[in-house]
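For the sequence shown, position 305 matches number 408 in our numbering, and the numbering has no gaps at all.
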Amino acid sequence: MELTPNENLYKEVLQTMSEYVIIQEKSGKTIALNENAETVLGVKSEFFTDSSFQQLEYIKEDGTALPYSQLPGMITLEKGIPFYNYVVGVINPESGTKWLSINSKPLNMRKDGEQVALITISDITERKKMEQTIIHAKEEAEKANLAKSDFLSKMSHELRTPLNGILGFAQLLEIDDSLNDEQSDFVQEILGGGRHLLSLINDILDLSRIDTGQLKVSIVEVKLETIINECINIVQPLAKNKGISIHNQLDPSQTISVLADPIRLKQILLNLLDNAIKYNQEDGKVMIFSYLKRNEAVIHIADTGTGLSVEEYHKVFVPFYRIKGTQEEGTGIGLSLVKQLVQLMGGKISVTSQKGIGSDFYFNLPLPYELKAAMQWGEEVIDLPTKNGKNDHYCLLYIEDNQSNLNLVKNILKSQSSFTILTAQSGKEGLELARTKKVDLILLDLNLPDIHGFDVFKLLKMNEKTRDVAVIAVSANAMPQDIQQTLGKGFDNYVTKPINIKEFLTTVNETLTSTINQNIPEHNILSIGPNGEEAVSAKTLQLSLKDLKKLREKNYTVAIAMHYTGNNWAKAQIEGLKTTFNKMGIRVVAITDAEFNWEKQVEDIQKILAKKPDIIVSLPIDPVSTASAFQSAAQSGVKLVFMDNIPYGLEAGKDYVSVVSADNYGNGAYAADILAEKIGFKGKIGVIYHDADFFVTKQRLTAFEKTIKESYPDIQIIARSGFTSPLDGKELSDAMISEHPDLRGIFVVWDLVAEGVMASASAVGKHDLVITTIDLGTNAAVEIAKDGLIKGSGSQMPYHQGVAEAILAGYALLGKPAPSYVAVPALKVTKENLLEAWKLVYNQDAPENIQSYSNRLN
């Protein structure tokens, strides 16, 4: 190709480039636009020909061969596709692989429109070598970290085993009343030294887990004052011994919540408080205060101690650094761990100090975006069940080769009249005892001399006589991955050595008793059942570990026959049922929607029976019209659990297991209280009730009217109207407001109907009308959040109602006696607790629009 004089300038520019630039034609001809072939490809320019490219051996980044026809330039020529930074290797037997980065784009160079490829080639061999060096270094670092983690895990095990005996027997001596004062002091010295060593082991393991990315935090909304008060109570004895006064300067009227892991936040505060006391002067002070800064809370722990030099500000956070000039015991691990824990939770920690004056350690944590957290219900520790005032008796088998550990556990359980303990010092002996003795729980050490604990566990589960026995792993392996691996194999619980006696007994009790139970408020139930039965709280329902194992073995099935599935209440019920049945190993084979049509519900029951389920959970639409269908189901052997209503003629304990409802009487009373408060405890009100024989809505109405009459004498109910359809609300309200324009409020027994009343009042401009209702649908919740016409409600908890119904189905399948009527406590809902209430009602956070309105007004 010939270049014009003007084009010589471009050629000179191309010569200055480090890339090799060529034009590739479809004929196979290659035109070099500069002379970098030798620099880039390692081939002298004078020897480089059109065929030279084809003679080179190419590979992809993964090392596989790359044909010449698949090079970027060839594909660009053929298909017109451009390439950018495509990496290709060129193999040279003498000098090794040269790595190239190729750019290729189509270009029209000729008047006839023939397309060529403009190709630039860069040598990136050095860059690839650096990348490989970095990758290799990273792999070596990861191997080193894993090796360190493995070493620390083994070290932890070896140290915890003797500590188990030291701390265990020292704890037994601590509660021995026969010791004199001097002996008690000796015991406290042993406990103090042992716990210090255990704390050191735990800190080292935490540092290791952070380094290897294995320590995880669980971020929730935490009340700062609560955690700080707990920590102060823990360190107060230490401060008192040194004459140190602790001043909590948090404003009790200002509740500060932060997003943090509560366990790790407590660990941070205890470490900082311990240091503030340890390095303080005699009769010194420790000050704790906090304030809000933008989207963060800043927490200060200040002291009047020896102080730090400016040079030590950063050094104190380095692992194993010890403050100069101090005689206090320490390892230099604590502050390093504190810094990394704060960072894991999204915060930063700093210090300011002055020698001889004191230090101020302060850290920040993010604030929640919402004003209030959704209500959370933690698992409860259930005491051992009693019969006739006496504890049930349990036989425990402890398989452990270390005699000291055996003696410790035997002495711990000696004080527990509920337990008898058998011991075995080998896996083989333990398996034989488990097969021949009636054992309720097995404590299994994992490192046995003859058979590994995992293999013992596997053999236990394979034997028909022992497969239902609960097994707790007991081990000095305290690394999270060890615990998770063990629990993943099916162990029921895990206890780490050294044994903490209180935690050990709690774990044993929990494993033997409750596994599924109702985490709901402790409120008195005011409702009675459809046949006048006294209500039993859903809070009392539970299934044990043995119950669950029996249920899971049988492959039971269940069908859910709903009256309607299109609202939040029904969806939450179904979710509670499905979640709990899944835990029980019971398969849901059908969920039907009768769409408020009793005839369709009868058809649904008939179709369900063809599937031969073991259980049907249902809300009967019409107690008369559906009775025969449910009677047929009962006679075929299906266990029936009802929601809110029962068909006529069916008997509890004979034809059905139980009926579960909300405390509708309690909810009606709550609706009355809210309405009374909002209208100033005086005035005229109306009531819109359900004109049907349905005991649920009857109880709501009775409770509301009785509460108004007996508790609020200055309020008069002057209008009453009944609905037969959820769509009747607006029409009834129009008539009521027209006839009684001075109405201050209206109570509606169902929130769907209340939506019509709300529309009616808005249409006539009666924006000061107060409406209260029952249930918490989305529209009602939005109105409450907006502080609109609906001011509050008494709400059911349908998710928890579903959980209760599933547990009762389990009772029936196990042959356990079940109460004929169970109720879930009532829940008072106003705009002040709306978000927490929604979480409790539906077991999930409120929708964004509800949160938005609620946060805006609060």
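Virtual Cβ for every residue (Gly too), placed ideally from N, Cα, C.
Predicted model only: the values in this text are computed from it and were never measured.
With a 10 Å radius around its C-beta and 16 neighbouring C-beta atoms as the bar for buried, classify E590 as buried or exposed.
Note that residue 590 is Leu in the sequence shown here, rather than Glu. The residue is exposed, with fewer than 16 neighbouring Cβ atoms inside 10 Å.
Drop a sphere of 10 angstroms on the beta-carbon of Y187, count the other beta-carbons inside from all chains shown, and report buried for 16 or more, exposed for fewer.
Exposed, since its Cβ has fewer than 16 Cβ neighbours within 10 Å.
Would you please state the rounded distance, in angstroms, between the beta carbons of V572 and A537? I believe it to be under 8 angstroms.
Between A537 and V572 the Cβ distance is about 7 angstroms, and since that is below 8 angstroms, they are a contact.
With DSSP run on the structure shown, which of helix, strand or coil describes T133?
It is a strand residue.
So if DSSP puts A220 in a beta bridge, which residue, or which two residues, is it bridged to?
Beta-bridge pairing links A220 to Q127 and P209.
Going by the DSSP bridge assignment, what does W202 pair with across the sheet?
Per DSSP, G192.
Let me make sure I understand the geometry here. Which of I788, D226 and L546 has the alpha-carbon closest to that of D965?
Limits of the chain in this structure are 104 at one end and 961 at the other, which puts residue 965 out of reach.
Hey, how far is the Cα of D386 from the Cα of K458?
If you take the alpha carbons of D386 and K458, they lie about 17 angstroms apart.
Between the alpha carbons of L892 and K942, how many angstroms are there, rounded?
So the two alpha carbons sit approximately 23 angstroms from each other.
Exposed or buried, which one is F522 when buried takes at least 16 other CB atoms within 10 Å?
That one is buried.
Looking at the structure shown, is V760 part of a helix, part of a strand, or coil, going by DSSP?
In the structure shown, V760 sits in coil (DSSP, three-state: anything other than H, G, I, E or B).
From the DSSP output, read off the bridge partner residues of D696.
For D696, which the question treats as bridged, DSSP gives the partners M665.
G387 by DSSP, collapsed to three states: which one?
It is coil, neither helix nor strand.
Shortest alpha-carbon distance to G905 belongs to which of W672, Y394 and K710?
Comparing Cα positions, the closest option is W672.
Given that a residue counts as buried once 16 or more other Cβ atoms are within 10 Å of its Cβ, and exposed if not, what is N467?
N467 should be labelled buried.
Of all the alpha helix (DSSP H) runs that stay within the bounds of the segment 160-194, which reach a length of 4 or more residues?
Taking only runs of at least 4 residues, the alpha helix (DSSP H) segments lying wholly in the segment 160-194 are 175-182.
Does the beta-carbon distance from T682 to Q704 come in below 9 angstroms?
Cβ atoms of T682 and Q704: not closer than 9 angstroms.
Using the three-state DSSP reduction, which class does M861 fall into: helix, strand or coil?
In this structure, M861 counts as helix in the three-state DSSP scheme.
At which residue ranges does the segment 738-824 contain complete alpha helix (DSSP H) runs of 4 or more residues, listed in the order of the chain?
Fully enclosed alpha helix (DSSP H) runs of 4 or longer: 767-781 and 798-814.
Just checking my contact of T695 with I677 at CB under 8 angstroms: how many whole Å lie between their CB atoms?
Going by Cβ atoms, the distance from T695 to I677 rounds to 11 angstroms, so no, they are not a contact pair.
Could you work out which residue in I460, E532, Q734 and D377 is closest to T409 when comparing CA atoms only?
For T409, the nearest C-alpha among the options comes from I460.
For L608, which of helix, strand or coil comes out of DSSP?
Of the three classes helix, strand and coil, the one that applies to L608 here is helix, per DSSP.
Would you check if the distance between the CB atom of V927 and the CB atom of S721 is smaller than 9 angstroms?
No. Outside cutoff.
Quick test of the definition: if touching needs 3 or more C-beta pairs under 8 angstroms, does the segment 603-610 touch the segment 856-870?
The segment 603-610 vs the segment 856-870: no contact.
Whose C-alpha, out of Y123, I782, V419 and A883, is nearest the C-alpha of R223?
It should be pointed out that residue 223 corresponds to Thr in this sequence rather than to Arg. Ranking Y123, I782, V419 and A883 by Cα distance to T223 puts Y123 first.
Taking 8 angstroms as the cut-off, does the segment 805-820 touch the segment 762-775 (at least 3 CB pairs, one atom from each stretch)?
Contact between the segment 762-775 and the segment 805-820 is present, because at least three Cβ pairs lie under 8 angstroms.
From what residue to what residue does the beta strand (DSSP E) around G848 run?
G848 -> beta strand (DSSP E) spans G848 to V851.
Measure how close the beta-carbons of I502 and A527 come, nearest whole angstrom, since I'm counting them as under 8 angstroms.
Contact holds; Cβ gap of about 5 angstroms.
How would you label T614, buried or exposed, when you count the other beta carbons within 10 angstroms and need 16 or more for buried?
T614 comes out buried.
Using alpha carbons as the reference points, say which of G199, S198, A220 and R367 lies closest to K208.
Checking every option, the nearest Cα to that of K208 belongs to A220.
Enumerated in chain order, which unbroken segments of the beta strand (DSSP E) with a length of 3 residues or greater are wholly contained in the segment 891-937?
Qualifying beta strand (DSSP E) stretches, in chain order: 893-898, 924-927 and 930-933.
Kindly list the residues whose CB is nearer than 8 angstroms to the CB of P716, restricted to its own chain and excluding five residues on each side of it in sequence; keep chain order.
Here the set comprises T660, V661, A662, V692, A693 and V741.
Please state if the CB of V799 and the CB of S923 are separated by a distance shorter than 9 angstroms.
Going by C-beta atoms, S923 is not nearer than 9 angstroms to V799.
With burial defined as no fewer than 16 other Cβ atoms inside 10 Å of the residue's Cβ, what is the status of E886: buried or exposed?
E886 should be labelled buried.
Going by DSSP, what residue range makes up the alpha helix (DSSP H) through G832?
It spans G832 to E842 - the alpha helix (DSSP H) in which G832 sits, taken as one unbroken run.
To the nearest whole angstrom, what separates the beta carbons of L549 and L525, a pair I think is in contact under 8 angstroms?
That pair is no contact at about 19 angstroms.
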